[in-house]
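Number of protein chains: 2
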Amino acid sequence: MKIALAQINLTVGDFEFNFHKITSCIKKAKTKNADIIIFPESALCGYPPEDLVLKDSFILTNKKYLNKLKPYTQGILCIIGAITKNSGKTFNSAAVIYNQKILNIYHKIVLPNYGVFDEKRHFSPGDSLYIYEWKNMRFSVNICEDIWQENSITKQLRENAVDLLINISASPFSLSKLEDRRKILSKRAKQANAFIAYCNLVGGQDEIVFDGASKIISPQGKILAMAPQFQEKLLFFEIEKGKKNKKNLSIRISPIKQIYQAIILGLRDYIRKNRFEKVVIGISGGIDSALVTALAVKAIGKDKVYGLIMPSQYTSSGTLKDALKLCRNLGIKHYTLPIKDIFNAYKQTLGKTILLGKQDLTEQNIQARIRGNILMAFSNKHNCLVLNTGNKSEISLGYCTLYGDMVGGFGLLKDVYKTTVYKLAKFINKISTPALIPKSIIRRPPSAELKPGQKDEDDLSISYVVLDKILKLYIEENLSLKEIIQKGMPARLARKIILKVDRNEYKRRQSPPGVKITNMAFGKDRRMPITNKFTGK
Amino acid sequence: MKIALAQINLTVGDFEFNFHKITSCIKKAKTKNADIIIFPESALCGYPPEDLVLKDSFILTNKKYLNKLKPYTQGILCIIGAITKNSGKTFNSAAVIYNQKILNIYHKIVLPNYGVFDEKRHFSPGDSLYIYEWKNMRFSVNICEDIWQENSITKQLRENAVDLLINISASPFSLSKLEDRRKILSKRAKQANAFIAYCNLVGGQDEIVFDGASKIISPQGKILAMAPQFQEKLLFFEIEKGKKNKKNLSIRISPIKQIYQAIILGLRDYIRKNRFEKVVIGISGGIDSALVTALAVKAIGKDKVYGLIMPSQYTSSGTLKDALKLCRNLGIKHYTLPIKDIFNAYKQTLGKTILLGKQDLTEQNIQARIRGNILMAFSNKHNCLVLNTGNKSEISLGYCTLYGDMVGGFGLLKDVYKTTVYKLAKFINKISTPALIPKSIIRRPPSAELKPGQKDEDDLSISYVVLDKILKLYIEENLSLKEIIQKGMPARLARKIILKVDRNEYKRRQSPPGVKITNMAFGKDRRMPITNKFTGK
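Chains as they are written, first to last, in my numbering: chain B, 1 to 537; chain S, 538 to 1074.
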């Protein structure tokens, strides 16, 4: 039986676009004589549709396109995700269509409602398995989370002696996912003693990126075939009942390469799916903006990336030189716009009322916000998306200026710790000849350069290495101060950092979306109250 | 049996503060010889704790304070909300404590997971009712949503012939809630033929305000006693089994008064619970900022409210006069800071590169962002919370400047349509002598005054009356374009408006939180994707 896995990049709400992509895959699969073609979860409408599901018109459009699909299924069994409604209940479904007829509509049984998922908000759970015998193969169809839980489904599948388990998914990327999926699929294949055909979505949607990596697993739990991560692929594989296949693909991909690819795809899709063409970035001469600019050039090409260099009176000549060197290395159009005169105008206007006494954080923030204003002005005039350059370490602490360096429509490093920023920069230099990011940028101690001699690690009185360790324990592992200290972290600093993370929730609430990379990203993944006096003591 | 309903204002995560408030209520209730004291849902930790519930240390702290409460319950039955954990499952619970012993811990059965609620994300459902006989009364305890659904609980209560149904709640305010609750409580009382003691939380928490209005309902479904909305109250009521009480309190309160009180309480609590003391507002001479300033003065007093008047070269002398008059009427400290010089500095710096060609929206946005920067500078120097003045109509359409007039920590009018803004302004003038908001402000056609002769309703080419009708149908009732046209709205305008609402989700995602007023507020209540091509055609 020849299976086609259609790992495709769909757009939420763009039924017409999705439908054309789906039917062109069916046509291709037919020319290759595939027996079955499998599409991802919610393929017709894109995933996650969020509260669009609460609109009747949205459900009706799903139904309309599901019916439009029927004529294309002559001679090929098509399994595809769609949202359906029945007796007032909305389901996350998989339609099984063959020879122009809908044979079955399976409803997802296990609805994820944690992390970035809200499926219990949107769907009712299904309650029955679907098993179908066709061309001498017994197969079942289920959806994403259905296969992740050890439950009665696992047992029933074994008892029903299926040959093939089809799982359609929209499983978002995070660093552990590739291996997590391999483990779970391998385990389920062995438990059911069946092949698994796993078709995952690919593409970016706001905060999340689907990484694909669709695969065929043998009843022995081995990977027989796999589509690449972060790319579209129509993958064909012929399975033979009873035949033992010794193949076992290795799927090790370095974490840094995965992060790199996730950001590139996330950015590319955010731009394309939101009708932008170009981006603009404030280039400081520091590592974060250098990395973001290099990533943007990799994602959409140098002709669509603009750099604004906006030195203040505290910008060192070395930093300025590095900023210019970076732009030249990358070959992007750039403008140098010193902010001193504008800053002086603020000082003039506010001098007698607001800016009294000694300079403090206020004056630093005014400068950061002048830069934000200039970036947005450029964005307005040229219809460019402003890319935010904040990294996870500084966003965690609120070491960033709301409406200043926090401006932007999309944040490439929102879920990338500062220590990983350096690794990514080195990775980009390794895969490019000549190196794109000047070494002096990578070497210089990070600084906001908004006051004389400022250095991040002095301001924070902690090294980024220790900081990132504490942040991971607090944010990703949800440990308390006590538990973090027990892991060997310095008590006084850990206490200070936790307090900063908690107190700066209000800033993050107004920050642009960015690609989820870790197992706990800011945004939908982590829903903390702003008003919160819990200190964990 | 004498019942005390403790309708109190608690803070999320502030166990020590909440505990002291709770125990002082118990002490008072004892002096009044109450038999039972009832506290709101999640009283120990505040509601909603959101993802704090995922921290083990948070659950343990709940447990610790629950145990600390025992000694206070000598001679008084205490029913109180707490988060508990049992065999790895987390529950939203009601503890029944008497004579220093925990008699029972009931687990909420029906978990709301719609609108602003995420309870299936955080809790496992309970599975059994709790019925207890005490002092010749059979009573049951349940929690908020448990009573809203017609289900097996209703049936079991009737069969078990309880005399008193105790419901502890954290039911957020929206305009229909007072009447919705009356209806449902009245119906359940009659179904169970039992008294209902309903204790609701009061106070603001980020986007939501709990309005209290705790009550005692007779078995005939009549309101025997009710605590006021939006205020703390320890309400006492003696119920007698079998005694028919003919009382039936009327609870009609005008919608505008409810909105007014909700905003006042929401603002007051956001300020207090987030360690602010003062607020600053950009005062334009228009109706939105006038209303916000008047509301702020009502909420925290004129000494804690600062106004910044920031005229541009397009500000008319009438507008400027009105802004000054408003500040004098309200008696607040204010500064006039013309933005012309700063704007000229931007034009100078950006003239040769960015601001080429004809003036357009870019120049308007630069000015709005200069004002944003000045407000934030004031906030930084004086540790003031910046209040956002955007109303729901303009936020819906994206008729506002990101990082410009959209700055702020809290938005008073985020869920208030422009037509309601006028009603609220008139209401404030009615309850104040002399009138606070100058009539000329209420009368002048709204304008951003960022270009010569600009008027909102020209820019939008629609009157606010029609606009607000279309927005309500689209946002609150989730109707499609077709359905909106069928309701008699102009087709071309409705299409344009819907498109604007959809396209501006990215702006709202970066907007400050504001008080939920309607049945569908922006924020947690309405979770739409930014990347979304569904047009509903």
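Glycine included, C-beta positions come from ideal geometry on N, C-alpha and C.
Roughly how many angstroms lie between the CA atoms of Leu103 of chain B and Cys78 of chain B, to the nearest whole one?
The sequence position of residue 103 of chain B within the first sequence is 103, counting from 1. The sequence position of residue 78 of chain B within the first sequence is 78, counting from 1. If I take the Cα positions, the gap works out to 10 Å.
Hey, does Ser579 of chain S have any beta-carbon neighbour from chain B nearer than 7 Å?
Numbered from its first residue, the second sequence carries residue 579 of chain S at position 42. Ser579 of chain S does not count as touching chain B.
Give the secondary structure of Lys28 of chain B by DSSP, where H, G and I count as helix, E and B as strand, and everything else as coil.
Here residue 28 of chain B corresponds to residue number 28 of the first sequence, with the count starting at 1. In the structure shown, Lys28 of chain B sits in a helix (DSSP, three-state: H, G or I).
Taking just the CA atoms, how far does Ile801 of chain S sit from Lys1053 of chain S?
Translated into positions along the second sequence, residue 1053 of chain S becomes position 516. Translated into positions along the second sequence, residue 801 of chain S becomes position 264. Their Cα atoms are separated by approximately 12 Å.
Bridge partners for Cys921 of chain S per DSSP, in chain order?
For the purposes of this step, residue 921 of chain S is taken as the residue at position 384 of the second sequence. DSSP output for Cys921 of chain S lists S:Lys815 as bridge partner(s).
Scan the stretch 83–169 of chain B and note each continuous alpha helix (DSSP H) run of 4 residues or more that stays entirely inside, going in chain order.
Qualifying alpha helix (DSSP H) stretches, in chain order: 119–122, 152–159.
Could you tell me which uninterrupted alpha helix (DSSP H) segments, each at least 4 residues in length, are contained entirely in the stretch 921–1001 of chain S, listed from first to last along the chain?
You should have 929–934, 955–968, 976–980, 993–996.
Are the Cβ atoms of Asn920 of chain S and Thr362 of chain B separated by less than 7 Å?
In the second sequence, counting from the first residue as 1, residue 920 of chain S sits at position 383. In the first sequence, counting from the first residue as 1, residue 362 of chain B sits at position 362. Result no, Cβ atoms of Asn920 of chain S and Thr362 of chain B do not sit closer than 7 Å.
Looking at chain B, which residues of the stretch 865–885 of chain S have a Cβ within less than 8 Å of any of its Cβ atoms?
The residues in question are Tyr872, Leu874, Pro875, Ile876, Asp878, Ile879, Asn881, Ala882, Tyr883, Gln885.
Determine, for Gln1047 of chain S, whether the minimum Cβ-Cβ distance to residues of chain B falls below 7 Å.
As a position in the second sequence, residue 1047 of chain S is number 510, starting the count at 1. Chain B contact via Cβ: present.
As an exercise, report each continuous alpha helix (DSSP H) stretch of at least 4 residues that is fully enclosed by the stretch 706–758 of chain S, in chain order.
Counting whole runs of 4 or more residues, the stretch 706–758 of chain S contains the alpha helix (DSSP H) stretches 714–729.
Buried or exposed, going by whether 16 or more other CB atoms sit within 10 Å of the CB of Pro1049 of chain S?
Your numbering for residue 1049 of chain S matches position 512 in the second sequence. Flag for Pro1049 of chain S reads buried.
DSSP three-state label for Arg1063 of chain S, please.
In the second sequence, counting from the first residue as 1, residue 1063 of chain S sits at position 526. Arg1063 of chain S: strand per DSSP, three-state reduction.
For Ala914 of chain S, return the contacting residues in chain B, with the cut-off set at a CB-CB distance below 9 Å.
For the purposes of this step, residue 914 of chain S is taken as residue 377 along the second sequence, with counting starting at 1. Near Ala914 of chain S (Cβ distances below 9 Å), the residues of chain B are Tyr346, Leu350, Ile354, Leu355, Thr362, Glu363, Asn365, Ile366, Arg369.
Taking 7 Å as the limit between beta carbons, can you name the residues of its chain near Leu402 of chain B, skipping five residues before and five after?
Within the first sequence, numbered from 1, the residue matching residue 402 of chain B stands at position 402. Hits under 7 Å: Lys507, Gln510.
Rounded to a whole number of angstroms, what is the C-alpha to C-alpha distance between Phe595 of chain S and Arg906 of chain S?
The residue given as residue 595 of chain S occupies position 58 in the second sequence. The residue given as residue 906 of chain S occupies position 369 in the second sequence. Going by the C-alpha atoms only, they are around 40 Å apart.
Going along chain S in order, which residues have a C-beta closer than 7 Å to the C-beta of Val407 of chain B?
Here residue 407 of chain B refers to the residue found at position 407 of the first sequence. Under the 7 Å cutoff, chain S gives Tyr940.
Strictly under 7 Å for the Cβ-Cβ distance: is Asn519 of chain B near chain S by that measure?
Numbered from 1 along the first sequence, position 519 holds the residue referred to as residue 519 of chain B. Not an interface residue.
Could one say the Cβ of Gly909 of chain S lies closer than 7 Å to chain B's Cβ atoms, at least one of them?
Numbered from 1 along the second sequence, position 372 holds the residue referred to as residue 909 of chain S. Taking Cβ atoms only, chain B reaches closer than 7 Å to Gly909 of chain S, which makes this a yes.
With 7 Å set as the bound, which would you pick, yes or no: does the beta-carbon of Gln205 of chain B sit closer than that to a beta-carbon of chain S?
Here residue 205 of chain B refers to the residue found at position 205 of the first sequence. It does; some Cβ of chain S falls within 7 Å.
Ignore the nearest five residues each way along the sequence and tell me which others in Gly945 of chain S's own chain have a CB closer than 6 Å to its CB.
Indexing the second sequence from 1 puts residue 945 of chain S at position 408. Only Val923, Leu924, Asn925, Pro1049 meet the Cβ criterion.
Hey, out of S:Ile903, S:Leu893, S:Leu1004, whose CA is closest to Leu934 of chain S's CA?
Position 397 of the second sequence, counting from 1, holds the residue named residue 934 of chain S. That would be S:Leu1004, whose Cα lies nearest to the Cα of Leu934 of chain S.
Looking at the structure shown, is Ile354 of chain B part of a helix, part of a strand, or coil, going by DSSP?
One-based indexing of the first sequence puts residue 354 of chain B at position 354. Correct three-state label for Ile354 of chain B: coil.
Does the Cβ-Cβ distance between Val297 of chain B and Leu324 of chain B come in under 7 Å?
Residue 297 of chain B sits at position 297 when you count from the first residue of the first sequence. Residue 324 of chain B sits at position 324 when you count from the first residue of the first sequence. No.
For Leu912 of chain S, which residues from the same chain have a beta carbon less than 7 Å from its beta carbon, with the 5 sequence-adjacent residues on both sides left out?
Counting from 1 along the second sequence, the entry for residue 912 of chain S is found at position 375. Closer than 7 Å at the Cβ level, and outside the excluded window around Leu912 of chain S, lie Val817, Gly819, Leu845, Val923, Val944.
Return the residue from the list S:Met847, S:Ser630, S:Tyr872, S:Asn650 that minimises the CA-CA distance to Ala580 of chain S.
Reading the second sequence from its first residue, position 43 is the one you call residue 580 of chain S. Here the closest residue by C-alpha is S:Ser630.
Enumerate in chain order the residues of its own chain whose CB-to-CB distance from Lys246 of chain B is below 7 Å, with the five nearest sequence positions on each side excluded.
Within the first sequence, numbered from 1, the residue matching residue 246 of chain B stands at position 246. So the list is empty, once near-sequence residues are dropped.
What residues from chain B crowd round Asn650 of chain S, counting only those whose CB sits closer than 9 Å?
Translated into positions along the second sequence, residue 650 of chain S becomes position 113. Simply Asn113, Asp118, Lys120, Arg121.
Is the Cβ of Asn811 of chain S closer than 7 Å to any Cβ of chain B?
Position 274 of the second sequence, counting from 1, holds the residue named residue 811 of chain S. Taking Cβ atoms only, chain B reaches closer than 7 Å to Asn811 of chain S, which makes this a yes.
Which residues bound the alpha helix (DSSP H) around Gln544 of chain S?
Start at 1 with the first residue of the second sequence, and residue 544 of chain S comes out as number 7. It is not in any alpha helix (DSSP H) - Gln544 of chain S instead sits in the beta strand (DSSP E) that spans 539–544.
Tell me Ala225 of chain B's beta-bridge partners as DSSP assigns them.
Counting from one through the first sequence, the residue named residue 225 of chain B turns up at place 225. Beta-bridge pairing links Ala225 of chain B to B:Ile216.
Around the Cβ of His557 of chain S, are there at least 16 other Cβ atoms within 10 angstroms (buried) or fewer (exposed)?
Here residue 557 of chain S corresponds to residue number 20 of the second sequence, with the count starting at 1. Exposed, because fewer than 16 other Cβ atoms sit within 10 Å of the Cβ of His557 of chain S.
Run through DSSP, which three-state label would Thr336 of chain B get?
Locating residue 336 of chain B in the first sequence gives position 336, counting from the first residue. Three-state result, Thr336 of chain B: strand.
Go to Lys507 of chain B, then tell me how far its alpha helix (DSSP H) extends in each direction, as first and last residue.
In the first sequence, residue 507 of chain B corresponds to position 507, counting from 1. It spans 505–509 - the alpha helix (DSSP H) in which Lys507 of chain B sits, taken as one unbroken run.
Do Tyr464 of chain B and Lys414 of chain B count as a contact pair if the criterion is CB distance below 7 Å?
Here residue 414 of chain B refers to the residue found at position 414 of the first sequence. Here residue 464 of chain B refers to the residue found at position 464 of the first sequence. No.
Inspect the CB distances between the stretch 484–494 of chain B and the stretch 230–244 of chain B and report whether three or more fall short of 8 Å.
The stretch 484–494 of chain B is not in contact with the stretch 230–244 of chain B.
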